[in-house]
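Everything on this sheet refers to the single structure shown next.
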Amino acid sequence: MRVTQNYSIHSLLQRVSDARERIQTLQFNLATGKRINRMSDDPEHIETVLRYSNLLKNHERFEKNLQNAIDFMSISSQALDDAIDTMSHAKELAVKGVTGTNNEEWEAMAEQVNQMLKQMVDLGNTRFNGRYVFGGSYTNEQPFTLKADESKVDANSNGIDGALKTEFGDQRIEQYNVTGQDAFMGTVDVFQTLVDLRDAFKAHDDSAVQSLIDQVEQATDQIVQQNGKLGSKINRFELYLQQYQSQDVKLQEFLSGIEDTDVAKAITELQIEQTGLTTALQVLSQTLNISLVDFMK
Numbered sequence: 001m002r003v004t005q006n007y008s009i010h011s012l013l014q015r016v017s018d019a020r021e022r023i024q025t026l027q028f029n030l031a032t033g034k035r036i037n038r039m040s041d042d043p044e045h046i047e048t049v050l051r052y053s054n055l056l057k058n059h060e061r062f063e064k065n066l067q068n069a070i071d072f073m074s075i076s077s078q079a080l081d082d083a084i085d086t087m088s089h090a091k092e093l094a095v096k097g098v099t100g101t102n103n104e105e106w107e108a109m110a111e112q113v114n115q116m117l118k119q120m121v122d123l124g125n126t127r128f129n130g131r132y133v134f135g136g137s138y139t140n141e142q143p144f145t146l147k148a149d150e151s152k153v154d155a156n157s158n159g160i161d162g163a164l165k166t167e168f169g170d171q172r173i174e175q176y177n178v179t180g181q182d183a184f185m186g187t188v189d190v191f192q193t194l195v196d197l198r199d200a201f202k203a204h205d206d207s208a209v210q211s212l213i214d215q216v217e218q219a220t221d222q223i224v225q226q227n228g229k230l231g232s233k234i235n236r237f238e239l240y241l242q243q244y245q246s247q248d249v250k251l252q253e254f255l256s257g258i259e260d261t262d263v264a265k266a267i268t269e270l271q272i273e274q275t276g277l278t279t280a281l282q283v284l285s286q287t288l289n290i291s292l293v294d295f296m297k
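Going by my numbering, the first residue of the sequence shown is number 1, and it counts up by one from there.
Quick look at the structure:
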């Protein structure tokens, strides 16, 4: 008889332990909002969960790279927009210069072009988050320096033509910068064009000014071309970013369907388990009392 009672007590204790474990699991699932918190929670689906979770992490990294590149290129493009406006103004002055001006106007236009030269150097030294956007691969070094006598603009001796690249997909790595070499010192040296125009105005040399109009146009076209490349790449990078973000929504919905706790169901199960635990504890108490009485006989 005592053996049977011991077995019953052991069985009841096991029921209590199992109920408490299930209650803890349900409470944890409700607290986290996830029904899969460990690999043992759902071996059938855990591999899928891990695969899609890793995919989301990769997307997050690619999206960050894309956004950083887009921001970098947007700042670069704005600087080139301003450079184009500056060169357009320089052309207007050059055209005005060959249509007849007096000495005071020559000097005034020379000073205006000199200010444009300084502005162009500032644009060439544009920075984003502390990085020189036209510095090539040497983003921590100023790419352009106007000589003290303002006779010439020197480029960083380490080079301004290095490519900056970013990864935004499996085996998908692309350059995202326009180099200072391509924008300002390519086929036409934009800075030297402004220096020559300024000096022609200083010398009151209308024939020199006339000969520089085509060069100013070529310099402008060079900047426009590089800015066009930036615009196309910005649009393409934004498209990739939108595609990743759209995929993320679908992946999150899919994972939620597997991982997330069904709150209403979990609460119902928790109530059932708590009721079962209370009943088991009551039966266990009664059984222990009976056993104690039998032992005292």
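Even for Gly, the Cβ is constructed at its ideal location relative to N, Cα and C.
>> Taking the alpha-carbon of S207 as reference, which of L164, G97, V178 has the nearest alpha-carbon?
In response: Checking every option, the nearest Cα to that of S207 belongs to G97.
> Which first and last residues belong to the alpha helix (DSSP H) in which E150 is found?
Replying inline: DSSP places E150 in no alpha helix (DSSP H); its state is neither H nor E.
> Which partner residues does Y138 have in the DSSP bridge list?
Replying inline: Y138 is not bridged to any residue.
> What is the DSSP secondary structure of Y132, counted as helix, strand or coil?
Replying inline: strand
> By Cβ distance below 7 angstroms, which residues in the same chain neighbour Q210 in space, the five residues on each side in sequence not counted?
Replying inline: V98
> Can you name, in chain order, every residue of its own chain whose Cβ lies under 8 angstroms from the Cβ of Y138, other than the five neighbours on each side?
Replying inline: Y132, N156, N158, G159, I160, G162
>> Does A163 come out as helix, strand or coil in the three-state DSSP assignment?
In response: coil
> Can you name, in chain order, every residue of its own chain whose Cβ lies under 8 angstroms from the Cβ of K165, other than the five neighbours on each side?
Replying inline: I173, E174, Q175, Y176
>> Beta-carbon within less than 7 angstroms of A69's beta-carbon, same chain only, minus the 5 sequence neighbours each way: which residues are those?
In response: Result list for A69: T166, Y176, F237, in chain order.
> Contact check, Q226 vs L80 under 8 angstroms by CB: the rounded distance?
Replying inline: 6 angstroms
> So, are the CB atoms of G180 and P143 less than 9 angstroms apart?
Replying inline: Yes, Cβ-Cβ distance for G180 and P143 is below 9 angstroms.
>> Please state the DSSP three-state secondary structure of D189.
In response: strand
> Closest by CA to Q67, which one among S88, V249, Q243, L251?
Replying inline: Q243
>> For a test of the three-state rule: what should DSSP assign to R127, helix, strand or coil?
In response: strand
>> If you follow the alpha helix (DSSP H) that Q175 is in, where does it begin and where does it stop?
In response: Careful: Q175 lies outside any alpha helix (DSSP H), inside the beta strand (DSSP E) at 173–175.
> What are the boundary residues of the alpha helix (DSSP H) that A183 is part of?
Replying inline: 180–184
> Can you list, in chain order, the residues of its chain whose CB lies under 7 angstroms from that of E217, leaving out five sequence neighbours each side?
Replying inline: K91
> Rounded to a whole number of angstroms, what is the C-alpha to C-alpha distance between V195 and Y240?
Replying inline: When only Cα atoms are considered, V195 and Y240 end up about 42 angstroms apart.
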